[in-house]
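Novice: Residue numbers (the working numbering), protein chains in the order written: chain U, 55 to 530; chain C, 55 to 530.
2 protein chains.
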Amino acid sequence: MAEKKFVEAITSMEEDFAQWYTDVVKKAELIDYSSVKGCMIIKPAGYAIWERIQAELDRRFKETGVENVYMPMFIPESLLQKEKDHVEGFAPEVAWVTQGGLEELPEKLCVRPTSETLFCDYYANCVQSYRDLPKLSNQWCSVVRWEKETRPFLRSREFLWQEGHTAHATAEEAEERTVQMLNVYADFLENYLAIPVIKGRKTDKEKFAGAVATYTVEALMHDGKALQSGTSHNFGDGFARAFDIKFADKDNQLKYVHQTSWGMTTRVIGALIMVHGDNRGLVLTPKIAPTQVIIVPIMQKKEGVLEKAAQLKETLSNFRVKVDDSDKSPGWKFSEQEMRGIPLRIEIGPKDIEANQCVIVRRDTNEKITVSLDDVNTAVGNELEKMQREMLERAKEHREKHTYIATNYDEFKDIIANKPGFVKAMWCGDEACELKIKADTTATSRCMPWEQEELSGTCVCCGKPAKTMVYWGKAY
Amino acid sequence: MAEKKFVEAITSMEEDFAQWYTDVVKKAELIDYSSVKGCMIIKPAGYAIWERIQAELDRRFKETGVENVYMPMFIPESLLQKEKDHVEGFAPEVAWVTQGGLEELPEKLCVRPTSETLFCDYYANCVQSYRDLPKLSNQWCSVVRWEKETRPFLRSREFLWQEGHTAHATAEEAEERTVQMLNVYADFLENYLAIPVIKGRKTDKEKFAGAVATYTVEALMHDGKALQSGTSHNFGDGFARAFDIKFADKDNQLKYVHQTSWGMTTRVIGALIMVHGDNRGLVLTPKIAPTQVIIVPIMQKKEGVLEKAAQLKETLSNFRVKVDDSDKSPGWKFSEQEMRGIPLRIEIGPKDIEANQCVIVRRDTNEKITVSLDDVNTAVGNELEKMQREMLERAKEHREKHTYIATNYDEFKDIIANKPGFVKAMWCGDEACELKIKADTTATSRCMPWEQEELSGTCVCCGKPAKTMVYWGKAY
Numbered sequence: 055m056a057e058k059k060f061v062e063a064i065t066s067m068e069e070d071f072a073q074w075y076t077d078v079v080k081k082a083e084l085i086d087y088s089s090v091k092g093c094m095i096i097k098p099a100g101y102a103i104w105e106r107i108q109a110e111l112d113r114r115f116k117e118t119g120v121e122n123v124y125m126p127m128f129i130p131e132s133l134l135q136k137e138k139d140h141v142e143g144f145a146p147e148v149a150w151v152t153q154g155g156l157e158e159l160p161e162k163l164c165v166r167p168t169s170e171t172l173f174c175d176y177y178a179n180c181v182q183s184y185r186d187l188p189k190l191s192n193q194w195c196s197v198v199r200w201e202k203e204t205r206p207f208l209r210s211r212e213f214l215w216q217e218g219h220t221a222h223a224t225a226e227e228a229e230e231r232t233v234q235m236l237n238v239y240a241d242f243l244e245n246y247l248a249i250p251v252i253k254g255r256k257t258d259k260e261k262f263a264g265a266v267a268t269y270t271v272e273a274l275m276h277d278g279k280a281l282q283s284g285t286s287h288n289f290g291d292g293f294a295r296a297f298d299i300k301f302a303d304k305d306n307q308l309k310y311v312h313q314t315s316w317g318m319t320t321r322v323i324g325a326l327i328m329v330h331g332d333n334r335g336l337v338l339t340p341k342i343a344p345t346q347v348i349i350v351p352i353m354q355k356k357e358g359v360l361e362k363a364a365q366l367k368e369t370l371s372n373f374r375v376k377v378d379d380s381d382k383s384p385g386w387k388f389s390e391q392e393m394r395g396i397p398l399r400i401e402i403g404p405k406d407i408e409a410n411q412c413v414i415v416r417r418d419t420n421e422k423i424t425v426s427l428d429d430v431n432t433a434v435g436n437e438l439e440k441m442q443r444e445m446l447e448r449a450k451e452h453r454e455k456h457t458y459i460a461t462n463y464d465e466f467k468d469i470i471a472n473k474p475g476f477v478k479a480m481w482c483g484d485e486a487c488e489l490k491i492k493a494d495t496t497a498t499s500r501c502m503p504w505e506q507e508e509l510s511g512t513c514v515c516c517g518k519p520a521k522t523m524v525y526w527g528k529a530y
Numbered sequence: 055m056a057e058k059k060f061v062e063a064i065t066s067m068e069e070d071f072a073q074w075y076t077d078v079v080k081k082a083e084l085i086d087y088s089s090v091k092g093c094m095i096i097k098p099a100g101y102a103i104w105e106r107i108q109a110e111l112d113r114r115f116k117e118t119g120v121e122n123v124y125m126p127m128f129i130p131e132s133l134l135q136k137e138k139d140h141v142e143g144f145a146p147e148v149a150w151v152t153q154g155g156l157e158e159l160p161e162k163l164c165v166r167p168t169s170e171t172l173f174c175d176y177y178a179n180c181v182q183s184y185r186d187l188p189k190l191s192n193q194w195c196s197v198v199r200w201e202k203e204t205r206p207f208l209r210s211r212e213f214l215w216q217e218g219h220t221a222h223a224t225a226e227e228a229e230e231r232t233v234q235m236l237n238v239y240a241d242f243l244e245n246y247l248a249i250p251v252i253k254g255r256k257t258d259k260e261k262f263a264g265a266v267a268t269y270t271v272e273a274l275m276h277d278g279k280a281l282q283s284g285t286s287h288n289f290g291d292g293f294a295r296a297f298d299i300k301f302a303d304k305d306n307q308l309k310y311v312h313q314t315s316w317g318m319t320t321r322v323i324g325a326l327i328m329v330h331g332d333n334r335g336l337v338l339t340p341k342i343a344p345t346q347v348i349i350v351p352i353m354q355k356k357e358g359v360l361e362k363a364a365q366l367k368e369t370l371s372n373f374r375v376k377v378d379d380s381d382k383s384p385g386w387k388f389s390e391q392e393m394r395g396i397p398l399r400i401e402i403g404p405k406d407i408e409a410n411q412c413v414i415v416r417r418d419t420n421e422k423i424t425v426s427l428d429d430v431n432t433a434v435g436n437e438l439e440k441m442q443r444e445m446l447e448r449a450k451e452h453r454e455k456h457t458y459i460a461t462n463y464d465e466f467k468d469i470i471a472n473k474p475g476f477v478k479a480m481w482c483g484d485e486a487c488e489l490k491i492k493a494d495t496t497a498t499s500r501c502m503p504w505e506q507e508e509l510s511g512t513c514v515c516c517g518k519p520a521k522t523m524v525y526w527g528k529a530y
């Protein structure tokens, strides 16, 4: 049977999660591989999700006073080198343009891996007085990092993102903004993508090159691996000193600005897939889904069926609705639309029409309800809302079920080896323990959560007095 | 006086048009120069215009069935070289990445100057049957062309654009799409940006590298120079043959697809400035303006003035309205908001409030009308509509006044030398005449307009029998 073949085309996640992921990405037509090694083609179904992510994040950024700009995609080598930690972090993984037209360039240019240096250069020019502050900028663009191993959405040589960059008069304001934007990400992830996150601070080892503090939102995927889903950095005045970004304050003193940056990438589409997907394919939340409802006419050649389906679409004009009137069989359409993750399917055939009803099927639970065509608008609204809520609840449950506590190193190693998920454990603050844990288990510190707990008094690795609780885990 | 200083900061367009342009671009805060030679920073005021252009064009594209995608920004040298004319046209002006991370690349990659080759590679993979056609794709991205001389918006090494790429089963369908998209551009330019355009076909000399036919929309700037404002290309099956893009047709025969591409860039912001701007700065059309109405409170420290201004903003919530309540003087605010091109200014002070009225000032004509606060919503709507209409009328008048006819070469040379504008003249179709005209006068063929006229029987340059009427002009 054709339907069966279609579904069989994806590996089950229990059998091979990595292969399942790749299959979904391909079969849901999100991505295609390109002739450019390590770069991906984002196909219409994938890009439509990104457009909705963009629209929603952009709206939230603008509500906080952020303005969009566009910076050059190239960074001269000398500019990249101005901040020492930053260049050390990024230089090994950038792509270099050495030739322009037919000539060798006098100075090589890297393709931006991130744009702190360009924004600093810009702010150094346009910030003079406290009246010019704060500067709240963002840009939507692609960036390049020359990764050795790549995977669709999760790690590729070029990816799409937004990068926000701000400059402030005081350290307090910069810290406030860093936290504010992390909260924007967390709220977006939880309430829009139904991905619950742990908010916390990165250890010094894991923080952004050049930052004083990096905050992160960490999510747990279905296979128990962690995914860093957004970061927000406080730079203090480090970049300002390197780039000489000074302003005359109200007291007429020349002072350095305090800066932040924060970014979210197409990676979150990978998170969406790995948190909600199942063995029938992608599952999109009602809020993110480019199409929320797919109407599948049954026996569509019978008189009146397609007309009724079109009418139904009209009735549901508050939602994003499509009718699949292609000449495939209903069963094939079901499988295909399930693969694409469309939240609700509505079946309507001659018998339904006679009974003035239709059948609504939820993508996540496969639950079917029969509703009167008079109530269908309300029913669809209710189902979408319920689905959005329950998807978050399920993801939370899954994370709680896969979050463990370790109070000694044997326990820690046993959990990491046998129980995929987050491990909460105390840490002394010494990078040596982080390195040892990574060497022994491949797990890394995900974050020092804002919500701290006192699990024990000693570091899970070395046994010395503990300073902080850390979430650990294997990560993408 | 501070106000005077602000206005004096721009050169008058009669004195030095090029300097006027640069001054407006800087003073209206659209652009900043960057440390990257030939690349520009698009500042918030400039980017907000681009965002509105994007939203409107994107909506129009999608209405015609186009879907957005994202292709890699790099093109391997071997892929660029597959279509012979195309590579000859672009290779001399691309930037080459030769190093990734710390290693030399095995094959150098160019930063896309345009993406035909990538789309062809993609279509070759995903088009098998007539059922897969048409493919209607678009992407919003930046592209790089290594120009020697650059000017903000008009010519820069990196610029933003959209590039549409389509593949069709028949030559007729491809031609239809090429024309359709040129009409989308023309309609957008005329009805949204109030820029009237000549629609026509490029000569073989001026057409896109690899195209069978290039259609163009040509606009006339205030200084009488032409600006190519959007192009749409029909590729026939040339790229399909080079990239082997075949499909099984309904008759079970393997056939090559027929392709098109079409693009519009941040250049149109340059056109917007040079068609509508004046000696007080930028003038934005009501439809494109990110802010349509700026409310300037008079004697704002007096009790009730700022409250009334805020109320007025509420009343006008159908429009894009801001209140300038900064502590600058009203005169300074007037000049500054005029420089930014905001279509309407509303002045409201204690006397106005007492009389239940406000003063509306149009940016383009400086016309002032006093209206009752009870009617302000309707009045603003009317004024914006009138302004949008009249801006197009004025631009049309200007173009007609600066469009000349030449029937012999002396006349032609005289007009080009002394009367900036379009020259309509007959052409034999021989590239030698185009080259001679360019060498003698620096004018180029702008297009062979769809609306042809029979001005005389002979070529304006060589006197041989003429084939077609051509618009000629000096161009940006």
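Where a beta carbon is used, it is the ideal one built from N, C-alpha and C, also for glycine.
(1) So, are the CB atoms of residue 225 of chain C and residue 312 of chain C less than 8 Å apart?
(2) DSSP three-state label for residue 511 of chain U, please.
(3) Is the CB-CB distance between residue 200 of chain U and residue 211 of chain U below 8 Å?
(4) So what's residue 299 of chain C in DSSP terms, helix, strand or just coil?
(5) Determine whether the Cβ of residue 218 of chain C lies closer than 8 Å to any Cβ atom of chain U.
(6) In terms of residue numbering, what span does the beta strand (DSSP E) encompassing residue 424 of chain U cover?
(7) At a CB distance below 8 Å, what residues from the segment 83-99 of chain C approach chain U? Give them in sequence order.
(8) In terms of alpha-carbon separation, which member of U:443, U:505, U:240 and U:441 lies closest to residue 316 of chain U?
(9) Rounded C-beta distance between residue 324 of chain C and residue 393 of chain C? I'm assuming under 8 Å.
(10) I want to verify the contact list: residues of chain U whose CB lies under 8 Å from the CB of residue 153 of chain C, in sequence order.
(11) Quick one: grab the DSSP three-state call for residue 522 of chain C.
(12) If the cut is a Cβ gap below 7 Å, which residues of chain C does residue 466 of chain U touch?
(13) From the DSSP secondary-structure annotation, give me the bridge partner or partners of residue 281 of chain C.
(14) Do residue 218 of chain C and residue 115 of chain C come within 8 Å of each other at the CB atom, strictly closer than that value?
(15) Using CA coordinates, which residue listed in C:208, C:149 and C:331 is at the minimum distance from residue 321 of chain C?
(16) Report the start-end ranges of each alpha helix (DSSP H) in the segment 93-172 of chain U that is 4 residues or longer and not cut off at the edges.
(17) Select from the segment 247-272 of chain U all residues with a C-beta closer than 7 Å to any C-beta belonging to chain C, and list them in chain order.
(18) Between which two residues does the beta strand (DSSP E) carrying residue 313 of chain U extend?
(19) Hey, does residue 128 of chain C have any beta-carbon neighbour from chain U nearer than 8 Å?
(20) Give me the Cα-Cα distance between residue 523 of chain C and residue 188 of chain C, rounded to the nearest whole angstrom.
(21) Given that a residue counts as buried once 16 or more other Cβ atoms are within 10 Å of its Cβ, and exposed if not, what is residue 68 of chain U?
(22) For residue 156 of chain U, return the contacting residues in chain C, with the cut-off set at a CB-CB distance below 8 Å.
(23) So, does the CB of residue 336 of chain U fall closer than 8 Å to a CB anywhere in chain C?
(24) Buried or exposed: residue 353 of chain U, going by 16 or more other Cβ atoms within 10 Å of its Cβ?
(25) Spell out whether any CB of chain C is found under 8 Å from the CB atom of residue 412 of chain U.
(26) Please give me, in chain order, every unbroken run of the beta strand (DSSP E) with length at least 3 that falls completely inside the segment 191-222 of chain U.
(27) Label residue 308 of chain C either buried or exposed according to how many other C-beta atoms from any shown protein chain fall within 10 Å of its C-beta, with 16 as the threshold for buried.
(28) Taking any Cβ of chain U, which residues in the segment 99-125 of chain C have a Cβ under 7 Å from it, in chain order?
(29) Taking Cβ-Cβ distances shorter than 8 Å, what residues in chain C pair up with residue 306 of chain U?
(30) Measure from the C-beta of residue 316 of chain U to each C-beta in chain C and report whether the shortest distance is under 8 Å.
(31) Taking the straight line between their C-alpha atoms, what separation do you get for residue 56 of chain C and residue 233 of chain U?
(32) Rounded to whole angstroms, how far is the Cβ of residue 248 of chain C from the Cβ of residue 449 of chain C, which I believe are closer than 8 Å?
(33) Is residue 432 of chain U buried or exposed, if buried means 16 or more other CB atoms sit within 10 Å of its CB?
(34) What's the call for residue 191 of chain C, buried or exposed, on a 16-neighbour Cβ count within 10 Å?
(35) What is the DSSP secondary structure of residue 373 of chain C, counted as helix, strand or coil?
(36) Can you check whether the CB of residue 280 of chain C is closer than 8 Å to the CB of residue 527 of chain C?
Specialist: On the basis of the supplied data:
(1) Taking 8 Å as the Cβ cut-off, residue 225 of chain C and residue 312 of chain C qualify as a contacting pair.
(2) In the displayed model, residue 511 of chain U falls within coil according to three-state DSSP, outside both helix and strand.
(3) Using a Cβ distance threshold of 8 Å, residue 200 of chain U and residue 211 of chain U count as a contacting pair.
(4) Residue state for residue 299 of chain C is assigned as coil, using DSSP reduced to three classes.
(5) It does not; no Cβ of chain U falls within 8 Å.
(6) Start and end: 422-426.
(7) In summary, the residues of the segment 83-99 of chain C whose CB is separated from some CB of chain U by less than 8 Å are 86, 88, 89, 90, 93, 94, 95, 96, 97 and 98, in the order they occur in the chain.
(8) For residue 316 of chain U, the closest C-alpha among the options U:443, U:505, U:240 and U:441 is that of U:240.
(9) Not a contact, Cβ separation roughly 17 Å.
(10) In chain order: 149, 150, 152 and 162.
(11) Strand.
(12) Per Cβ cutoff of 7 Å: no residues; residue 466 of chain U is ~34 Å from chain C at best.
(13) According to DSSP, which records beta bridges pairwise, residue 281 of chain C is partnered with C:273.
(14) Yes, the Cβ-Cβ distance between residue 115 of chain C and residue 218 of chain C is below 8 Å.
(15) It is C:208.
(16) List check, alpha helix (DSSP H) in window: 98-117, 131-134 and 138-144.
(17) Result list empty, no residue passes.
(18) The continuous beta strand (DSSP E) containing residue 313 of chain U extends over residues 312-319.
(19) So, interface residue.
(20) A straight-line Cα-Cα distance of about 34 Å links residue 523 of chain C and residue 188 of chain C.
(21) By the 10 Å Cβ count, residue 68 of chain U comes out exposed.
(22) Contact annotation for residue 156 of chain U against chain C: 146 [CB-CB distance below 8 Å, chain order].
(23) The C-beta of residue 336 of chain U comes no closer than 8 Å to any C-beta of chain C.
(24) Residue 353 of chain U comes out exposed.
(25) Not a single CB atom of chain C sits nearer than 8 Å to the CB of residue 412 of chain U.
(26) Runs found: 212-222.
(27) It counts as exposed.
(28) So the close ones are 101, 105, 121, 122, 123, 124 and 125.
(29) In chain order: nothing, as chain C lies at least about 18 Å away.
(30) Not one chain C Cβ lies under 8 Å of residue 316 of chain U.
(31) Because residue 56 of chain C sits at a pLDDT of 43, beneath the cut-off of 50, its placement in the model cannot be relied upon, and the following sentence gives the value as read from the coordinates. Their Cα atoms are separated by approximately 40 Å.
(32) Yes, residue 248 of chain C and residue 449 of chain C are in contact; Cβ-Cβ is about 6 Å, under 8 Å.
(33) Per the 10 Å Cβ criterion, exposed.
(34) The residue in question, residue 191 of chain C, is buried, as its Cβ has 16 or more Cβ neighbours within 10 Å.
(35) Residue 373 of chain C falls in the coil class under three-state DSSP.
(36) Taking 8 Å as the cut-off, the beta carbon of residue 527 of chain C is found closer than this to the beta carbon of residue 280 of chain C.
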